[in-house]
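Taking it in order: structure first as structure tokens, then the write-up.
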Amino acid sequence: MLTIATMTPAKAGSYYKESYYAEEDQIKFSEWWGKGAAALGLTGKISDGKVFQNILQGRTADGTKKLRADPPQGKEARAGTDLTFSAPKSVSIAALVGGDKRLIEAHDQAVNRMLTLIEERYAETRINKQITPVDNICVAKFLHDTNRELEPNLHTHCLMMNLAQGEDGVWRSGTNGNLYHRKILLGKIYRNELAQAIQKLGYEIEIRADGLFELKGYTREQIEGFSDRHKQILEYLKTEGLDDTNENRIKALFETRKIKQHDVDRQALLEEWQSDAENLGIEHPTPNLGNSVSHKNLTVLVDQAIRHSEERTAIFAKEDLEAFIVAEPTGHSFEEIEAAIGVNPRLIHKGLRLATEESLIREKMTIALMQTGQGKLAPILMTKAPLPEVLTASQTEAINHALGSQDRVMGWVGVAGAGKTFTLNTLVKIAQAQGIEVSGFAPDASSAEVLGDEVGIATDTVAYHLLQQHEPSQKRQLWIIDEAGKLSAQEAYQLLLKSSQQNAQILLVGDPKQLTAVNAGAPFKSLIDHGLSATHLKDFLRQKDSIIARAVQLTYHNLGGEAIAWLQKHEKVSETPEIEDHAQQIAEAYLKLSEAERAETLVLSGTHRERHGIIHQLRVGLKQEGRIQEAEYVTETLGRKDMTEEQKQHARFYAVGDVLIPLKDHNCLKRSKRYQITQISGDDVTLNEQITLNLKGLKYPLKTEVFVKNELLIAVGDRLKWTRNNRLKKRTNGQEFTVTAIDPIQRIVSIVDNKDRLDEFSLDELNHCDHVLVGTVYSSQGKTAERVFVSFGNDPTVNRESILVALSRAKYEARIWTTNIQKLRELADISHNQTNPSELLKEQGIKLPIPPAPLHLKEKHWLERVEKSGIAPEVAALNAESLEGMDVYERLLEDHLATLGSGQYVTQPMKRVMDQYATVAKGGVWADGGIDATRLPYLIAGEIPPEKTFGEFKADHPRLDWRKTQQKGSDQYRKYEAPKDVPKGIIFPRVPEAIAEKIYAKYGVNPSPEQRKSGFWACVYWYPEIAIISVEGKKKAESVISQGYAAIALPSVTGGYRSRENSVELPKRRLHPELAVFATNGRQILMAFDQDTKQNTVQNVRRDLVRTGELLEEAGCKVSVLKWQPHEGKRIDDLIVNQGVERLMNILGHAIPLAWEAEKHYRNEYLKLRNYLLKTQGQGRKLTELMIDMAIFYTANPQDKIKILHQCNTLEAGRKRGIAEDDQSYQIQIEQELQRLQQKLKSKQRPRM
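Structure follows, in structure tokens:
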């Protein structure tokens, strides 16, 4: 068993200081462990308490140096993570009471093996807020042999210190998220290692139904005789009314433990144990080296694990296989298990991520079916149909695309709330008028029913449709597949195969950015990536509230963390540490609504625990209102047990009480009949106390649904839903109904469903139903409501997709309750959607060999550009040159040196300047600045624009930047050099003809031969249809150009505009002259600056981005901002190298409006000025908001003050209350007040005599 707890310095210090041992024994049974400990000079026994305390406090052993940063203000420091490995009770009895010390050694070896695995896999730190692997941990080990009840309990506390040393040698805080995430796996591996070591000693083991083991030779009663702590924990859970979960058991563990006893008489304790053993009739098992280790077939186990894992996800973790394999002891070491996984021929490996060859083949076959059907059908309409004027441009395009497509498979990619229903209705009417037979299908029954009701066509689930045997139709068919993003890979393949046999055309409708299938694969995304003919319904029409609309769009653009921050700013997110408080607060908010408002409200939760808590609170309130009757009745319901088909073939994954409903006749089992498991013994499963199945001996796989029994409280007035289809009784999974009467004598429940159909069921049946008041986020996909209340914990169910789905259900209001807003922001940036095997191959990257460096570039300069920055070899060769010695001086100082002397002699002033550049002259790489863009407006087609003398030189040995060094107090070096006394210009890299042609084709332009002679950038100037990506730095621009996009390089983030000229402040900022040339009306400009993590840098970069962008917009350009997650790569060339061109294309497709960044910038400027005023002028004075805003208006930069004022608290508060913005009136009020004060000051001034 493994338990994990986070420890503070105070808690850890006292916890490990106390023990049941005498002081000398405490030292004897302690040990420093790990590469991190060794690096800190910590080895051997933990004998110095002061050293131990220093390490807990995050300092060196002598306490002189701090190793990690202090926690945020108000938060307690984390000393480390306590990993407690506990041996099975029978092993403790045999080792500590029976006296076999070899078992203690076996336990210690298993613990050390786990620590080695943790150090190799799960040691991590944060660098620039990003989790980064390290190869070291520092652990304090303490071996204990009793619990607080002084029972035999062999366990080791491994305090993994909150310290980690990065590759750069710097010590930082560690992270422990992965340890919690993989806790169950680590516990299983420990038991597997221990079981093998014990069997090697000659002991036999017995594996329990739950996969745990005990030594053979002890009865359950004897083991429980030494297990008072276990009884105390269970009794606490029962008394407190808590579920028996790991989380609650840990809580009970700490709540029920006694104070440790000290200086225990060890001999007396041993005698007491031995006396208890005698009273329990214990005869300790005798190890026999003739007993062989019980080995399972590893090859078979790995194959089973693969089948289990690939059913749910096309790309799975190595840990998923390991968890299945070690669900119970295997008789093999972890090294042997790893080796068996490594040699399995079915697997494609990418680090710890895996896929199977079969899943890759299935994906390729699905893509082939789509591609084979392209251009094979006649269009539904040969000419464009007259369409309703109320349709948006993207809706019109989607309908025309579907009617005119000649492809068997086509797609509509629609954002949530894009008006899909109205668009489908229009399409269906036109198709039916042309004699087309239209049918609808969806991955789940509720989505299929909604599609049928809204569009008026026959619908069913995809699974049911695939089971039906249809004769090929002579009539042309159109199959509309709604929520296509939820299709599994297997369903998509079978669907496309069936359509080719049935003369059917398929329209896939969905959004790959929302939640995907429960089972493996994301075929809709795969088909789009591989050429599916698709149009985009891209208008966010559902959200009528600007705040919710902005949050939805941010999340859609992969900026979930910013979306949560935006909602938090507008008081739409509430933080309460306890989930139970969420339930109370959500219930209160819901019960304040009118009946009509409740009908238009979705209440959602991420987990079943949250859901049940909210339902309970809501039902209490509804009873008080009289909407639900007080009299409640209990009925047993069946909830689906989450098992893969592979798990269903093994007894160890079942539990007594589980209910099986076979999907087809199987030996003595009848289809659709219910069978309850009454006993499990080894591989034998007994059903209804009569039928025994040996799962290992089945000839064919068992095809069955598996359910667990739950108790459901119901009363008249309750709203419920069916949770399983019943075609015979016309009950659909997800269909809602109301309880109208309950006969307590006959035990019959009368109901009416949402289509006014009457029905009834018995309280004594096992019913497939549940409360409907609160839904899960997954089940809400496809629904719409006026408002949404959602409870989000900090668990794996929360991710970018679940947040997008929850928020995008709402039209006017969305509110979130969470346990930790900061953690929620982090989770909102993480995608958990299904991926495809082909994506794993892309990650592996089949890299072409890099050609040798050209003569004008040194090998290291060549590789830096081609390998590390993703620059195409032909682009790198055109734009860079290695220089050293006098060539460097000439390129950087030629004009300047000419002013200091002439002729063949080096003057003293010249020497002084050259000495400053001595290290630079040792060598580096030069990049030309390209054309002088200011000459383009005067250029005649066929003329070649002149080049400017400006360029950049990156020195191999840069020189010290004295000004920055003095400012920062540490050595700062110049990364780039430019020619002295030459104005900085924008860099326009040279573009090879092949890439230029690719860019022309992308934007549908065809320059004349004469125009092409003038070069690429002249053609970009002449054709404003070509979008320009603006970056900072030439290598980044060259990397983007290499991917087929026009990119220019600003010399710095401030290089796009000028606010001063000749050291004089300009009355109005203006664009850099070269950038102004391209600022033509309608041109799209995309700005892609570095994704920094330091707050000051982020704010400064945003300021300059906004200033440049606003000037471009004033010139008529359409300006957007490219954003990505910093961990994907700080710079855009890092992104391209790390994530590939597909990710770049994705980011380009999700550029955000400049206005969003501008709003954040001006709000930040307002807060900075406000805080400064409060700090300097607010001491002892009460400043009103009007007084503060007047001061800001008076002192702010004249060019920005109106926009800054727009973000003031007064107007912000009005926006939150829904008051229409009137910043102009507020500005007039401030100006009038300022004039009044000025008049007042003038009147007080004395006239001069």
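Under our numbering, read the sequence shown as residues 3 to 1251, first letter to last. Built from N, CA and C at the ideal position, the CB exists for glycine as well. These numbers come from a predicted model, not from an experiment.
Where do the N-terminal and C-terminal ends of the beta strand (DSSP E) with PHE794 fall, by residue? As a position in the sequence shown, residue 794 is number 792, starting the count at 1. For PHE794, the enclosing beta strand (DSSP E) begins and ends at 787-794.
Since ILE139 contacts GLY168 with CB under 8 Å, what's their CB separation in whole angstroms? As a position in the sequence shown, residue 139 is number 137, starting the count at 1. As a position in the sequence shown, residue 168 is number 166, starting the count at 1. Not confirmed; about 13 Å, so no contact.
Helix, strand or coil for LEU517, going by three-state DSSP, please let me know. As a position in the sequence shown, residue 517 is number 515, starting the count at 1. Three-state DSSP puts LEU517 in coil, outside helix and strand.
SER34 - containing beta strand (DSSP E), residue span: On the sequence shown, position 32 is the one that residue 34 refers to. Going by the sequence as given, residue 34 is Trp instead of Ser. Segment 32-35, the beta strand (DSSP E) holding TRP34.
Is ASN149 helix, strand or coil by DSSP? Start at 1 with the first residue of the sequence shown, and residue 149 comes out as number 147. Assigned with DSSP and collapsed to three states, ASN149 falls in coil, not helix or strand.
TRP819 bridges to which residues according to DSSP? Locating residue 819 in the sequence shown gives position 817, where the first residue counts as 1. Answer is SER576 and SER793.
Could you check where the alpha helix (DSSP H) with THR1 kicks off and where it finishes? There is no way to answer for residue 1, as the model of the chain reaches only from 3 to 1251.
Output needed for GLU126: all residues of its chain with C-beta closer than 6 Å, excluding positions within five of it in sequence on either side, in chain order. Counting from 1 along the sequence shown, the entry for residue 126 is found at position 124. These residues qualify, in order along the chain: ILE133, PRO135 and THR177.
Taking the alpha-carbon of LYS643 as reference, which of ASN56, LEU689, VAL710 and ALA591 has the nearest alpha-carbon? Looking up residue 643 in the sequence shown gives position 641. Measuring from the Cα of LYS643, the nearest candidate turns out to be VAL710.
According to the Cβ coordinates, are ALA420 and ASP541 closer than 7 Å? What you label residue 420 is simply residue 418 of the sequence shown in a count that begins at 1. What you label residue 541 is simply residue 539 of the sequence shown in a count that begins at 1. Contact: yes.
So what's THR425 in DSSP terms, helix, strand or just coil? Here residue 425 is taken as the residue at index 423 of the sequence shown, counted from 1. DSSP places THR425 in helix when its eight states are reduced to three.
Among the candidates GLY179, LEU665 and TYR124, whose CA atom is the shortest distance from the CA of GLU828? The residue given as residue 828 occupies position 826 in the sequence shown. Checking every option, the nearest Cα to that of GLU828 belongs to GLY179.
Can you tell which of GLN376, HIS584 and GLY628 has the C-alpha that lies nearest to the C-alpha of ASN822? Taking the first residue of the sequence shown as position 1, residue 822 is located at position 820. Considering only GLN376, HIS584 and GLY628, the residue with the shortest C-alpha distance to ASN822 is HIS584.
Out of GLN201, LYS477 and ALA874, which one is the CA nearest neighbour of ALA1039? Numbered from its first residue, the sequence shown carries residue 1039 at position 1037. When each option's Cα is compared against that of ALA1039, the closest is ALA874.
Excluding the 5 residues flanking THR680 on each side, which residues of the same chain have their C-beta closer than 6 Å to its C-beta? Reading the sequence shown from its first residue, position 678 is the one you call residue 680. Excluding the 5 residues flanking it on each side, THR680 has same chain C-beta neighbours closer than 6 Å at THR688 and GLU691, in chain order.
If GLY1111 sits next to GLY1084, beta carbons under 8 Å apart, how far is it from one beta carbon to the other, in whole angstroms? Residue mapping note: residue 1111 aligns to position 1109 of the sequence shown, counting from 1. Residue mapping note: residue 1084 aligns to position 1082 of the sequence shown, counting from 1. With 8 Å as the limit, GLY1111 and GLY1084 do not qualify as a contact, their Cβ atoms being about 16 Å apart.
Tell me, please, which residues DSSP counts as bridged to PHE739. Along the sequence shown, read from residue 1 onward, the residue named residue 739 stands at position 737. DSSP output for PHE739 lists LEU722 and ASP755 as bridge partner(s).
Grab me the residues of PRO1258's own chain with a C-beta within less than 8 Å of its C-beta, minus the 5 sequence neighbours each way, in chain order. Since the displayed the chain opens at 3 and closes at 1251, residue 1258 lies outside it and no answer follows.
Residues in its own chain within less than 8 Å of VAL1103 by CB, not counting five upstream and five downstream? Taking the sequence shown and counting its residues from 1, the one referred to as residue 1103 is at position 1101. VAL1055, PHE1091, ASP1092 and ASP1094, listed in sequence order.
According to DSSP, what are the bridge partners of SER884? As a working note, residue 884 is residue 882 in the sequence shown. Answer by DSSP bridge pairing, in chain order: VAL927.
Who are the Cβ neighbours of GLU886 in its own chain at under 6 Å, not counting the five residues just before and after it? The residue labelled residue 886 in the question sits at position 884 within the sequence shown. Closer than 6 Å at Cβ, skipping near neighbours: GLY925.
Can you give me the Cβ contacts of THR740 inside the same chain, cut-off strictly under 6 Å, excluding the 5 residues immediately before and after it? Residue numbering aside, residue 740 sits at position 738 when the sequence shown is read from its first letter. ARG721 and VAL754.
LEU593 CB to nearest chain D CB: under 7 Å? Included in the structure is just one protein chain, with no chain D present.
Less than 8 Å between the CB atoms is what I'm expecting for GLN836 and THR315, so what's the real figure, rounded? As a position in the sequence shown, residue 836 is number 834, starting the count at 1. As a position in the sequence shown, residue 315 is number 313, starting the count at 1. Their Cβ separation, rounded to whole angstroms, is 6 Å, which keeps GLN836 and THR315 in contact under 8 Å.
If we count the other Cβ atoms within 10 Å of its Cβ and call it buried at 16 or more, is ILE693 buried or exposed? Translated into positions along the sequence shown, residue 693 becomes position 691. ILE693 should be labelled exposed.
Taking DSSP's pairing of strands, which residues face GLU979 in a bridge? Here residue 979 refers to the residue found at position 977 when the sequence shown is read from its first residue. BP columns for GLU979 point to PHE955.
Among MET9, ARG174 and ASN149, which one has its Cα closest to the Cα of ARG70? By one-based count along the sequence shown, residue 70 stands at place 68. Comparing Cα positions, the closest option is ARG174.
Run through DSSP, which three-state label would LEU214 get? Taking the first residue of the sequence shown as position 1, residue 214 is located at position 212. Of the three classes helix, strand and coil, the one that applies to LEU214 here is coil, per DSSP.
Using only the alpha-carbon positions, how far apart do LYS675 and LEU768 sit? Numbered from 1 along the sequence shown, position 673 holds the residue referred to as residue 675. Numbered from 1 along the sequence shown, position 766 holds the residue referred to as residue 768. Their Cα atoms are separated by approximately 12 Å.
What three-state label does DSSP hand ALA1153 in the structure shown? On the sequence shown, residue 1153 is found 1151 positions in, with the first residue counted as 1. The answer is coil: DSSP assigns ALA1153 none of H, G, I, E or B.
Grab the span of the alpha helix (DSSP H) containing LYS366 for me, first residue to last. Counted from its first residue, the sequence shown places residue 366 at position 364. Per DSSP, LYS366 belongs to the alpha helix (DSSP H) from 359-374.
Which of the three DSSP states, helix, strand or coil, is assigned to TRP275? Here residue 275 refers to the residue found at position 273 of the sequence shown. In the structure shown, TRP275 adopts helical secondary structure according to DSSP, grouped into three states.
Endpoints, beta strand (DSSP E) assigned at CYS771: Taking the first residue of the sequence shown as 1, we reach residue 771 at position 769. Where CYS771 is concerned, the enclosing beta strand (DSSP E) stretches over 771-773.
PRO839, buried or exposed, once every other Cβ within 10 Å from all chains shown has been counted against 16: One-based indexing of the sequence shown puts residue 839 at position 837. Its Cβ being crowded by 16 or more others within 10 Å, PRO839 is buried.
Would MET1251 be called buried (16 or more neighbouring beta carbons within 10 Å of its own) or exposed? Residue numbering aside, residue 1251 sits at position 1249 when the sequence shown is read from its first letter. Low per-residue confidence applies at MET1251: pLDDT is 40, beneath 50, and the placement is therefore not dependable, though the value from the model is reported in the following sentence. Only exposed fits MET1251, as fewer than 16 other CB atoms lie within 10 angstroms of its CB.
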